[in-house]
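Q: My structure is below; once you've seen it, I'll send some questions.
There are 2 protein chains.
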Amino acid sequence: MNKIYVVGIGPGEYEQMTVKAANALRDSDVIIGYTVYVDLVKEYFSDKEFLTTPMTKEVDRCILAFDEAMKGKTVSMICSGDAGVYGMAGLMYEVGEKYPDVELEIIPGVTAATGGAAVLGAPLIHDFCLISLSDLLTPWEKIEARILHASEADFVICLYNPSSRKRHDYLQKACDLMMRYKNPETVCGIVANIGRDGEQQQVMTLRELRDTKVDMFTTVFIGNSQTREINGKMVTPRGYQAKKSYPKSK
Amino acid sequence: MNKIYVVGIGPGEYEQMTVKAANALRDSDVIIGYTVYVDLVKEYFSDKEFLTTPMTKEVDRCILAFDEAMKGKTVSMICSGDAGVYGMAGLMYEVGEKYPDVELEIIPGVTAATGGAAVLGAPLIHDFCLISLSDLLTPWEKIEARILHASEADFVICLYNPSSRKRHDYLQKACDLMMRYKNPETVCGIVANIGRDGEQQQVMTLRELRDTKVDMFTTVFIGNSQTREINGKMVTPRGYQAKKSYPKSK
């Protein structure tokens, strides 16, 4: 059976990859991915064949992977973070409908939400939403409705793709929408280059976030009504009756 | 500086742990956790000292970790999945306010949402919400509002703690709420014992999910309006104009 591993390599540094992901790459003849992600793993698997396609060529990348697998090679299609969160896993199944003889195995990884949360402290301890601000494939009205519903329901919100050259003001628009329901003093955090050179993190209020410039390599976290800053860390408690959880506390 | 690693060990099997998590456990003198999770790692780190506390004793477990660290030991507090998603990371920071001399490092892992998604196919490719159905620390009204808002905004929804002895009908209640906005034919999936012995997965409709019995070791996925079943897998496309993304497709 021809096999393709669809591998989430985590935020970036080799150490943040799961043991299973590293084993899959070791087991592969060919490693395929977006140029930037291939460069992240190349040095650790230098004996492999590497194939890359640029961004926006995701479908071609999937077809390339299936064509390599049809040659009898074991293939790893790599994604940053988790292959199943805004990653290639879904498209691989969609394109894979034309390749019934190729078996797919999805290998999960640490996505930017959980990787970034660990850098900021513990912002995602309770119910949260992931929302991408990219309107390339999703109408903005849909994104706007999600931001409003998530804010009204007091979810912690994690924003992917918060900005790009064409979308420089989207984070500001999103913050204005959130402030219809969330207090401007809500504790927020941003993390850039998670697990890579130049990793940076900052904790701030929602009002301050509104006027903060971020790039496409930044993940943004907006707390719920219970989230607080503890010694510079962004921390969301487990629930709404935290005291209840301290019966045996000193 | 006294050090505590707060480590997400992933869904269960050793291989699903990150390289960084495994290194942290190796670097530790003491590994502390809920009995069940300690048993999952014991065999791989048999030279370590292990300390456990039962469920519902989370605060005591945190205090135990800080007290061990204050003795000068390097400590790992382990959680299943990701330490920052319904995990111990938040409580460690809260309890840690009393231990300014102890440094915390959070090491992220594969949470049940992404681990389970990889088993089912690719349900979380687009915007999604995590909601815990446990009302131990969160009023049910709050949970209900989140289910309704998430459904109305067409999020993919992943449910943690879908059931327990006391809450045997909560999943049914949640499905009835979701069906106010989601089509009863919405593609859903459940995964039990992710990455452990007896892992089981099933894809079904929301209507079928409503009448399905699940246990506390099951993670539940409810698709958005675009989610479909492809050869038995649960797959959510990247957006709402998927065709747009096929310009170069064969």
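Chains as they are written, first to last, in the working numbering: chain B, -8 to 241; chain V, -8 to 241. Even glycine gets a Cβ: it sits at the ideal position worked out from N, Cα and C. As the structure is a computational prediction, the values presented were derived from the model and not from experiment.
(1) How long is the line joining the alpha carbons of glutamate 4/B and lysine 33/B, rounded to whole angstroms?
(2) Locate the alpha helix (DSSP H) running through alanine 31/V, then write down its first and last residues.
(3) Counting only beta-carbon separations shorter than 9 angstroms, does threonine 65/B have a partner in chain V?
(4) Would you list the one or two residues that DSSP bridges to arginine 219/V?
(5) With a 10 Å radius around its C-beta and 16 neighbouring C-beta atoms as the bar for buried, classify leucine 124/V as buried or exposed.
(6) Where glycine 244/B and leucine 55/B are concerned, what is the direct C-alpha to C-alpha distance, given to the nearest angstrom?
(7) Please list, in chain order, the residues of the region 8 to 30 of chain V that have any C-beta partner in chain B closer than 8 angstroms.
(8) Can you have a look at tyrosine 161/B and say buried or exposed, based on whether 16 or more other CB atoms are within 10 angstroms of its CB?
(9) From the beta carbon of leucine 162/B, is the nearest beta carbon of chain V less than 9 angstroms away?
(10) Can you give me the Cβ contacts of lysine 11/B inside the same chain, cut-off strictly under 6 angstroms, excluding the 5 residues immediately before and after it?
(11) Using a Cβ-Cβ distance cut-off of 9 angstroms, determine whether glycine 3/B contacts chain V.
(12) Which of the three DSSP states, helix, strand or coil, is assigned to alanine 113/V?
(13) Going by DSSP, what residue range makes up the alpha helix (DSSP H) through tyrosine 84/B?
(14) Assign glutamine 191/B to one of two classes, buried (16 or more other C-beta atoms within 10 Å of its C-beta) or exposed (fewer than that).
(15) At the 9 angstroms Cβ level, is serine 123/B part of the contact set with chain V, yes or no?
(16) For alanine 253/V, which residues of its own chain have a beta-carbon under 6 angstroms away from its beta-carbon, when the five flanking residues on both sides are left out?
(17) Taking a contact to mean a Cβ-Cβ separation below 9 angstroms, would you say threonine 9/V touches glycine 1/B in this structure?
(18) Using the beta-carbon of each residue, which ones in chain V are nearer than 8 angstroms to tyrosine 77/B?
(19) Quick check: what's the CA-CA separation for phenylalanine 57/B versus valine 27/B?
(20) Counting only the same chain and skipping the five closest in sequence on each side, list residues whose C-beta sits under 6 angstroms from that of glycine 78/V.
(21) Tell whether a beta-carbon distance below 9 angstroms holds between serine 154/B and aspartate 206/B.
(22) Check whether the Cβ atoms of leucine 111/B and lysine 204/B lie closer than 9 angstroms to each other.
(23) Rounded to the nearest angstrom, what separates glutamate 94/B and valine 66/B at their Cα positions?
(24) Which residues of chain V have a Cβ atom closer than 7 angstroms to the Cβ of proline 130/B, listed in chain order?
(25) Look at cysteine 179/V and isoleucine 221/V and say whether their C-beta atoms are less than 9 angstroms apart.
(26) Say whether chain B places a C-beta atom closer than 9 angstroms to the C-beta of serine 240/V.
(27) Just verifying my parser: in three-state terms, what is the DSSP assignment at phenylalanine 57/V?
(28) Going by the beta-carbon positions, is the gap between leucine 128/V and tyrosine 231/B smaller than 9 angstroms?
(29) Under a three-way DSSP split, which group does serine 37/V fall into?
(30) For a cutoff of 9 angstroms on Cβ pairs, would you count threonine 105/B as touching chain V?
(31) Do valine 86/B and valine 50/B count as a contact pair if the criterion is CB distance below 9 angstroms?
(32) Sorted by chain position, which residues of the same chain lie with C-beta nearer than 8 angstroms to asparagine 174/V's C-beta, five sequence neighbours on each side aside?
(33) Using a Cβ cut-off of 8 angstroms, pull out every chain B residue sitting near glutamate 88/V, in sequence order please.
(34) From the DSSP secondary-structure annotation, give me the bridge partner or partners of methionine 68/B.
(35) Tell me, please, whether the CB atom of proline 45/B is closer than 9 angstroms to any CB atom in chain V?
(36) Among the candidates Glu199/B, Ser142/B, Val226/B and Ala109/B, whose CA atom is the shortest distance from the CA of glutamine 163/B?
A: Straight from the coordinates:
(1) 12 angstroms
(2) In the sequence under discussion, the amino acid at residue 31/V is leucine, which differs from the alanine named in the question. Taken as a continuous stretch (DSSP letters only), the alpha helix (DSSP H) holding leucine 31/V covers 26 to 32.
(3) no
(4) Val226/V
(5) buried
(6) Residue numbering for chain B in the displayed model covers -8 to 241; residue 244/B lies beyond these limits and cannot be assessed.
(7) Met8, Thr9, Val10, Lys11, Ala13 and Asn14
(8) buried
(9) no
(10) Ile98
(11) no
(12) strand
(13) 80 to 87
(14) exposed
(15) yes
(16) Outside the shown range of chain V (-8 to 241) lies residue 253/V, about which nothing can therefore be said.
(17) yes
(18) Ile116, His117 and Arg229
(19) 21 angstroms
(20) Cys70
(21) yes
(22) no
(23) 11 angstroms
(24) Tyr231
(25) no
(26) Confidence at serine 240/V is low in this model, with a pLDDT of 39, below 50, so the placement of that residue should be treated as unreliable; the coordinate-derived value is given next. Closer than 9 angstroms to some Cβ of chain B, the Cβ of serine 240/V qualifies, so yes.
(27) helix
(28) yes
(29) coil
(30) yes
(31) yes
(32) Leu197 and Ser216
(33) Ile221 and Asn222
(34) Val(-3)/B and Ile23/B
(35) no
(36) Glu199/B
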